[in-house]
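Engineer: In the UniProt record's numbering, the protein residues as written are 1 to 89. Think of the CB as a built atom: it goes at the ideal place given N, C-alpha and C, for glycine as much as any other residue.
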Amino acid sequence: KKYIYDGIQKHDQQVGHYINTYVGYSQVHRQNSSSGGIATYFLEKLLEQGIVDHVVCVSRSGTEGEHYEYGVFNSVDKVRSSSKTRYYP
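Next comes the structure, spelled out in structure tokens:
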């Protein structure tokens, strides 16, 4: 069933039904980011423009034995310090 996508004709065998797809990157953040920096750019703009008060990001953990943790940040500097995609098997 596809209630959300009723009337949407775009479909891909691997992705499924979708409305649209986009690709982007940030010139400023690309060097320090794993995936083009678009998420960091987007989160920074949300904070700078006062659209949100806080954002949730994954960052390196300060706890021994833990690799990553969620951080709730209210500053652009904190968002930048947590940039890079986090993967763990």
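So, under 8 Å CB-CB, Asn32 and Ser83 are touching, yes? Tell me the CB distance rounded to an integer number of Å.
Structural biologist: At roughly 6 Å, the Cβ-Cβ gap stays under 8 Å, so Asn32 and Ser83 are in contact.
Engineer: Mind listing, in chain order, the continuous alpha helix (DSSP H) runs of no fewer than 4 residues lying wholly within the stretch 29-72?
Structural biologist: With a minimum length of 4 residues, the continuous alpha helix (DSSP H) runs that stay inside the stretch 29-72 are 38-48.
Engineer: If you draw a straight line from the alpha carbon of Asn20 to that of Lys10, how long is it in whole angstroms?
Structural biologist: Rounded to the nearest angstrom, the two C-alpha atoms are 8 Å apart.
Engineer: Using beta-carbon positions only, say whether Cys57 and Tyr70 come within less than 9 Å of one another.
Structural biologist: Yes. Within cutoff.
Engineer: In the DSSP assignment, what are the bridge partners of residue 160?
Structural biologist: What the structure shows of the chain is the stretch from 1 to 89, and residue 160 is not part of that stretch, so it cannot be assessed.
Engineer: Of the residues Val52, Ser75 and Arg60, which one's Cα is nearest the Cα of Tyr68?
Structural biologist: If we check each option's Cα against that of Tyr68, Arg60 comes out closest.
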